[in-house]
Amino acid sequence: GELPGSRQSWCRDGSHRHVSDSPASSEIPLATMRRLAYLACSATALVTPLRRPLLPKQPAFHRPTALHAFDPATVAAFDPSKFAPVCTASDAIYRGAQQSLAIIVGPKVFEEYAPLIAGGLLRVRLELCVVESFFGEAVLPFVQKNGLSWVLPFHETVETFLAGTIFALVLNFILVGSTKILQVVVTWFDFFLGMPTRFVSTKAIDQLSDEKDASPKPAVVAFTVSKTAGEAIGLARQFVDALDVFTSQYLSLTTAAYITFKFLHFRVFD
467 GELPGSRQSW
477 CRDGSHRHVS
487 DSPASSEIPL
497 ATMRRLAYLA
507 CSATALVTPL
517 RRPLLPKQPA
527 FHRPTALHAF
537 DPATVAAFDP
547 SKFAPVCTAS
557 DAIYRGAQQS
567 LAIIVGPKVF
577 EEYAPLIAGG
587 LLRVRLELCV
597 VESFFGEAVL
607 PFVQKNGLSW
617 VLPFHETVET
627 FLAGTIFALV
637 LNFILVGSTK
647 ILQVVVTWFD
657 FFLGMPTRFV
667 STKAIDQLSD
677 EKDASPKPAV
687 VAFTVSKTAG
697 EAIGLARQFV
707 DALDVFTSQY
717 LSLTTAAYIT
727 FKFLHFRVFD
């Protein structure tokens with residue numbers, strides 16, 4: 467990669483020729499000129515990098531790893547670029563919240579604060595999608611294929627121990643952060659829909675029941691159904707609250723106890 471007449475070629479080939487060809491009448495001694503030539507070539511080698519062909523940089527995943535010893539389907543399952551989770555419920559919540567905000571704040575305010583609104587809603591959708599995708603695309607297919615015998619089997623094996631341990635550890639990382647978002651969503655849903663439905667339905671049923679006409683009325687039936695729906699939303703909020711408290715305070719301890727039990731069952735009792 468050196469050009470004729472460049473500094474590198476001169477230092478390698480021509481320095482001695484130019485020094486040796488100097489006339490005898492030169493006032494500078496030959497040894498001094500040779501040292502100066504060596505010094506100049508050394509300085510040039512330090513400041514001039516070697517010209518090497520640039521190799522194409524490959525993505526980190528496509529470099530040789532331990533996964534490439536398996537079949538292509540197994541390798542593709544670990545490829546982040548091919549991970550496209552299906553989150554139908556999360557998308558429905560995201561679209562509903564987006565349209566509701568557009569109606570509440572108005573088109574002008576919505577357009578002005580669109581980046582902030584979109585950033586918040588998209589991150590809420592992402593947290594909900596993590597939970598939905600994990601259970602819908604990972605846990606349920608695995609349970610349908612292998613059953614639940616690996617949770618607490620009578621005879622512990624390497625496969626059942628690894629399956630239970632991996633599931634428990636992954637469940638910690640997914641639920642600890644996602645249940646907070648789920649609690650906020652369910653709480654606001656109950657506040658804006660569940661509580662008004664329960665309040666209005668109860669008042670309407672009490673008012674209609676005080677009338678002298680004892681025959682069943684369609685309005686009473688309708689308000690009874692709406693009250694039941696409101697109570698169901700309230701029960702869902704209470705369940706999510708209890709789940710969030712459990713994941714925040716007791717899930718890590720439960721996971722540690724579960725893994726310890728499976729390890730003792732595998733190594734000691736079996």
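Under the working numbering, the final residue of the sequence shown carries the number 736; numbering is consecutive throughout.
For every residue, glycine included, the Cβ atom is placed at its ideal position computed from N, Cα and C.
1. For residue 559, is the classification buried or exposed, using 16 other Cβ atoms within 10 angstroms of its Cβ as the cut-off for buried?
2. Should the segment 649 to 669 be called in touch with the segment 698 to 707, which here means at least 3 C-beta pairs below 8 Å?
3. Assuming residue 713 and residue 631 make a contact with CB atoms under 8 Å, what is their CB distance in whole Å?
4. Look at the alpha carbon of residue 572 and the alpha carbon of residue 581, and state the distance between them as a whole number of angstroms.
5. Specify, as a first and last residue, the run of the alpha helix (DSSP H) that residue 613 falls within.
6. Out of curiosity, what's the CA-to-CA distance linking residue 726 and residue 607?
7. Give me the Cα-Cα distance between residue 663 and residue 617, rounded to the nearest whole angstrom.
8. Can you check which of these residues, 633, 702 and 609, is closest to residue 654 by C-alpha distance?
9. Could you compute how far the alpha carbon of residue 553 sits from the alpha carbon of residue 675?
10. If distances are taken between C-alpha atoms only, which option among 659, 602, 566 and 732 comes closest to residue 697?
11. What are the boundary residues of the alpha helix (DSSP H) that includes residue 547?
12. Is residue 599 near residue 546, with beta carbons less than 8 Å apart?
13. Apply the 10 Å Cβ neighbour rule to residue 566 and answer buried if 16 or more other Cβ atoms are within range, or exposed otherwise.
14. Select from 699, 614, 596 and 716 the residue whose C-alpha is nearest the C-alpha of residue 657.
15. By the three-class DSSP mapping on this structure, what secondary structure does residue 562 have?
16. Rounded to a whole number of angstroms, what is the C-alpha to C-alpha distance between residue 568 and residue 629?
17. Tell me the rounded alpha-carbon separation between residue 613 and residue 686.
18. What does the alpha-carbon distance come out to for the pair residue 690 and residue 673?
19. For residue 724, report the span of its alpha helix (DSSP H) as first-last.
With the given structure in hand:
1. On the sequence shown, position 93 is the one that residue 559 refers to. With 16 or more Cβ atoms within 10 Å of its Cβ, residue 559 is classed as buried.
2. yes
3. Within the sequence shown, numbered from 1, the residue matching residue 713 stands at position 247. Within the sequence shown, numbered from 1, the residue matching residue 631 stands at position 165. Going by Cβ atoms, the distance from residue 713 to residue 631 rounds to 18 Å, so no, they are not a contact pair.
4. Within the sequence shown, residue 572 is the residue found at index 106, counting from 1. Within the sequence shown, residue 581 is the residue found at index 115, counting from 1. If you draw a straight line from the Cα of residue 572 to the Cα of residue 581, it comes to about 15 Å.
5. Residue mapping note: residue 613 aligns to position 147 of the sequence shown, counting from 1. Residue 613 -> no alpha helix (DSSP H), and no H or E assigned at all.
6. Residue 726 sits at position 260 when you count from the first residue of the sequence shown. Residue 607 sits at position 141 when you count from the first residue of the sequence shown. Going by the C-alpha atoms only, they are around 26 Å apart.
7. Numbered from its first residue, the sequence shown carries residue 663 at position 197. Numbered from its first residue, the sequence shown carries residue 617 at position 151. Looking at the two C-alpha atoms, the distance is approximately 41 Å.
8. Working through the sequence shown from its first residue, we reach residue 654 at position 188. It is 702 whose Cα lies nearest to the Cα of residue 654.
9. Here the question's residue 553 lines up with position 87 in the sequence shown. Here the question's residue 675 lines up with position 209 in the sequence shown. About 44 Å.
10. The residue you call residue 697 lines up with position 231 of the sequence shown. Nearest option by C-alpha distance: 659.
11. In the sequence shown, counting from the first residue as 1, residue 547 sits at position 81. No alpha helix (DSSP H) holds residue 547; DSSP gives it neither H nor E.
12. Here residue 599 refers to the residue found at position 133 of the sequence shown. Here residue 546 refers to the residue found at position 80 of the sequence shown. It is not a contact, given that the beta carbons lie outside the stated cut-off.
13. Locating residue 566 in the sequence shown gives position 100, counting from the first residue. In the assembly as shown, residue 566 is an exposed residue. Its beta-carbon has fewer than 16 other beta-carbons within 10 Å.
14. Translated into positions along the sequence shown, residue 657 becomes position 191. Nearest to residue 657 by C-alpha distance, out of 699, 614, 596 and 716, is 699.
15. To locate residue 562, count along the sequence shown from 1; it is residue 96. Looking at residue 562 - three-state DSSP - the assignment turns out to be helix.
16. Translated into the one-based positions of the sequence shown, residue 568 becomes position 102. Translated into the one-based positions of the sequence shown, residue 629 becomes position 163. Distance between the alpha carbons of residue 568 and residue 629 is about 45 Å.
17. For the purposes of this step, residue 613 is identified with residue 147 of the sequence shown, where counting begins at 1. For the purposes of this step, residue 686 is identified with residue 220 of the sequence shown, where counting begins at 1. Going by the C-alpha atoms only, they are around 46 Å apart.
18. Walking along the sequence shown from the start, residue 690 turns up at place 224. Walking along the sequence shown from the start, residue 673 turns up at place 207. Across the structure, residue 690 and residue 673 are spaced so that their CA atoms are roughly 13 Å apart.
19. Looking up residue 724 in the sequence shown gives position 258. Residues 717 to 730.
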